[in-house]
Structures are given as structure tokens and as C-alpha cells.
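First residue of the sequence shown: 1307, per our numbering; consecutive thereafter. By construction, the Cβ of each residue, glycine as well, lies at the ideal position given by its N, Cα and C atoms.
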Amino acid sequence: GIGPVNEKLLKAQGVTSFAQIASWTAADIKRIEDVMNFDGRIARERWIEQAKLLAAGNEKEFAKQFPTAGTSSNS
């Protein structure tokens, strides 16, 4: 999941919902990774796929596909 440190960094970039992450373009990903010093982490951890499920309210499918990921209050 998105921990408190990353949640704070994302909020500083104006990211406040899973729906925003779900709609990121390649340019958005690059910008966020540069700011957060992530270098490929968003794709590696499948943030977009996770965010799409959570933004749609599909927590059951999220838990099935990403059993080791937690959810945050960032919905």
C-alpha cells in the first residue's frame, strides 16, 4: 500500500485519490518518480493496476490480485 511518507509526498504533488493514479500517463509517472526518487517502482509495483481496482471500489478483486498490498485512506 501507500504508506504515510509516500502519501504525504503524493499529496504535495496534488495526488489525493486512487482515480488520479489510475489515469496517470507516462509523463505523469515520470514526473512522480523523479520527485519521489522511485526509478521504475510505479510499474514494478503495478500502482496503476492497483489504483484502477481501488478507484472502482473493487476491493475484493484488489485483495485477490495483490494479497500482500494494504489499502490506505487515500481513496
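Item checked: Q1356 burial status per 10 Å Cβ neighbour count (16 or more: buried) -> Flag for Q1356 reads buried.
Margin query: Using a Cβ distance threshold of 8 Å, determine whether the region 1363–1372 contacts the region 1329–1338, with at least three qualifying pairs required.
Written below: The region 1363–1372 and the region 1329–1338 do not touch, with fewer than 3 CB-CB distances between them shorter than 8 Å.
Check: Should A1349 and F1324 be called a contact, given that it needs their Cβ atoms to be closer than 7 Å?
Finding: no
Note to self: Quick check: what's the CA-CA separation for A1332 versus P1310?
What the structure shows: 24 Å
Item checked: Candidates I1327, K1314 and T1374, of which the one nearest L1359 by Cα -> I1327
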